[in-house]
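Those letters in the sequence shown? Residues -19 to -1, 1 to 138, per mature numbering (1 follows the signal peptide of the UniProt record, and there is no 0), in order.
Here a beta-carbon is modelled for each residue, glycine too, at the ideal position from N, C-alpha and C.
Here is the structure we will look at.
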Amino acid sequence: MKFYLATILLISISFFCNAQVNEPNKSSYAVVKTAAEWKKQLTPLQFQVTRKKDTERAFSGSYWNNHAAGVYNCICCDKPLFNADTKFDSGTGWPSFWAPISSQNIELLNDKSYGMVRTEVNCSNCGAHLGHVFDDGPKPTGLRYCINSASLLFIKK
């Protein structure tokens, strides 16, 4: 019985330790605001997604099926992130892109939350959580930046 309880305890500790996401270096961002300031600027969903690393439900966001020409900026700081020319239909229910406008505009972090290992995508200007990147995208990069609509502001051409 003691072995059983010890095993359960070790598995639980391991799960909760792996559930933590690497925190970005907030002092290095050009745009830094308090939670109260972000809450004034953002809708509750935008705040949960960008500041609390949540995700919107598939097929619920405003841009997953957007086919217009333009640029997708960060909802928090207006940094240009993705060009509509790199957007593709991944069938996942989230806006998907095969490349950012510039690798300088995003930061990639290890994400070990929920018992998975993924690569988180954040805005490099303000640290907003955008989504994740996967290696199952189309050519030419083979990448799929799976991004929450709630983290984006679309500027139509």
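For F40, the secondary structure class from DSSP, reduced to helix, strand or coil, is coil. Cβ-Cβ distances below 8 Å link A50 to A65, D66, K137 and K138 in the same chain, with the five nearest sequence neighbours on each side left out; the list follows chain order. Around the CB of T24, fewer than 16 other CB atoms lie within 10 Å, so the residue is classed as exposed. Secondary structure note for V52: its beta strand (DSSP E) is the uninterrupted segment G51 to C55. Per DSSP, reduced to three states, the secondary structure at D117 is coil, with no helix or strand assignment. Fewer than three Cβ pairs drawn from the segment 85 to 104 and the segment 41 to 48 lie within less than 8 Å of each other, which leaves the two stretches out of contact. Distance between T122 and F115, taken at the CA atoms: about 11 Å. A straight line joining the alpha-carbon of P119 with that of Q29 spans about 29 Å. DSSP places V30 outside any beta strand (DSSP E); the residue lies instead in the alpha helix (DSSP H), whose first and last residues are P25 to K33.
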